[in-house]
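A quick write-up on the structure given underneath.
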Amino acid sequence: MKTRLALILAIIALGVALFSVVRDRNIPNNTTASDNKVWLQNNVSSLGQARKTRVLKVGYSGFRPYTIINLNETDPSARVEGFCVDLVNEIVDRQVPSWRAEWHKVNFETLRADMESGRFDVFADAVYQTVPRASQFGFTEPYSYFGVGAGIVRKGDSRFVDFGDLDVEGVTVSLAEGWTATEYARRILSKPNFHVVAVGDDPFVQFQEVISGRADIALQDVPTVLQYVNANADKVDALWINNPPTRVAAGFMTRSGDWEMLHFLNVALRALKADGTIARLDRKWKGLGEYPSWEFTLGTGLK
Numbered sequence: 010m011k012t013r014l015a016l017i018l019a020i021i022a023l024g025v026a027l028f029s030v031v032r033d034r035n036i037p038n039n040t041t042a043s044d045n046k047v048w049l050q051n052n053v054s055s056l057g058q059a060r061k062t063r064v065l066k067v068g069y070s071g072f073r074p075y076t077i078i079n080l081n082e083t084d085p086s087a088r089v090e091g092f093c094v095d096l097v098n099e100i101v102d103r104q105v106p107s108w109r110a111e112w113h114k115v116n117f118e119t120l121r122a123d124m125e126s127g128r129f130d131v132f133a134d135a136v137y138q139t140v141p142r143a144s145q146f147g148f149t150e151p152y153s154y155f156g157v158g159a160g161i162v163r164k165g166d167s168r169f170v171d172f173g174d175l176d177v178e179g180v181t182v183s184l185a186e187g188w189t190a191t192e193y194a195r196r197i198l199s200k201p202n203f204h205v206v207a208v209g210d211d212p213f214v215q216f217q218e219v220i221s222g223r224a225d226i227a228l229q230d231v232p233t234v235l236q237y238v239n240a241n242a243d244k245v246d247a248l249w250i251n252n253p254p255t256r257v258a259a260g261f262m263t264r265s266g267d268w269e270m271l272h273f274l275n276v277a278l279r280a281l282k283a284d285g286t287i288a289r290l291d292r293k294w295k296g297l298g299e300y301p302s303w304e305f306t307l308g309t310g311l312k
């Protein structure tokens, strides 16, 4: 019985750790030239197929509170909920007649191949938009921005007030190999010692470097840091949660070259921003991102 309980707890812990993997890590390019345009069925685009079948095929990975996976649910369409799920449902429900969303859990290693094969047409997590990814995928307009470069330090360590305080000799900074915060730190900081950790599918591994004393600080994105410090408040403190040194745009992801689908999603997201839906969903799900301020100026005829 104890062995079974330990196994269950281990599986749950792994699932929690995986929540940030796809949104931030570099995505493997495991497709070939022959995979291109497989998603075009009978010369009908992915959006054309969605209109015809009234089904939008959506991929997700699990990123609280944007896509929350219920491991006890057997129905794939009911197994996921969250900010992005509600956002997609708003889009399909507003079609006339309405569509439905068909949800597909994504395996990180085969994400691109599955998308190119037509298994799903939209990846609807808060995917970080980076320059390298832009050459491999299509990205919608951002619906949120996420802080990058937040820090984890040992409890009570008050040495670092500003991000620039890290740029001194003798400081050891723990970084996760291949992640956005790592790329930023390497561009901005030149003097500290970088301890780059291969975290694999567990982004929390690098934080153990701080707890053990092998690093003075670990840098990650705000959602990852916030989740870890909430679970380990007796051991660590978080830095720059509300004033991160930089930010990254996040939105939905499509295949490269699927312009019709991309245009459709962009207009849909623009409409949901304008009518307050995205703000409402942020309040409902307690989003971990940030939003640019909107400022309107009255037209001449309204003055």
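So for the sequence shown, this note's numbering puts the first residue at 10; every next one is plus one.
Heads up, the beta-carbon is just placed ideally off N, CA and C, and yes, glycines get one too.
Under the three-state reduction of DSSP, Tyr154 is assigned to strand.
Under a 10 Å Cβ-count criterion, Asp225 is classified as buried, with 16 or more other Cβ atoms of the shown protein chains found around its own Cβ.
Cα atoms of Asp176 and Leu198: separation of roughly 5 Å, rounded to the nearest angstrom.
Here the alpha carbon of Asp267 sits roughly 12 Å from the alpha carbon of Gln145. Secondary structure of Val53 (DSSP, three-state): strand. Per the DSSP secondary-structure output, Trp112 pairs in a beta bridge with Val67.
Between Ala288 and Tyr300, the C-beta spacing is below 9 Å. Partner residues in the beta bridge of Glu90, as assigned by DSSP, are Ile77. For Phe261, the enclosing beta strand (DSSP E) begins and ends at 255 to 264. Bounds of the beta strand (DSSP E) holding Ser183 are 181 to 185. Counting only residues of its own chain and dropping the five nearest sequence neighbours on each side, Arg223 has a CB closer than 8 Å to the CB of Thr181, Ser183, His204.
In this structure, the alpha-carbon of Val140 lies about 13 Å from that of Trp188.
No Cβ-Cβ contact shorter than 9 Å links Lys66 with Ser54.
Around the beta carbon of Gly209, a 10 Å sphere encloses fewer than 16 other beta carbons of the protein chains shown; the residue is thus reported as exposed. Less than 9 Å divides the Cβ of Lys114 from the Cβ of Val89. A direct Cα-to-Cα measurement between Ser167 and Leu278 gives close to 41 Å. Using a Cβ distance threshold of 9 Å, Met262 and Phe148 count as a contacting pair.
When secondary structure is reduced to three states using DSSP, Val101 falls in the helix class.
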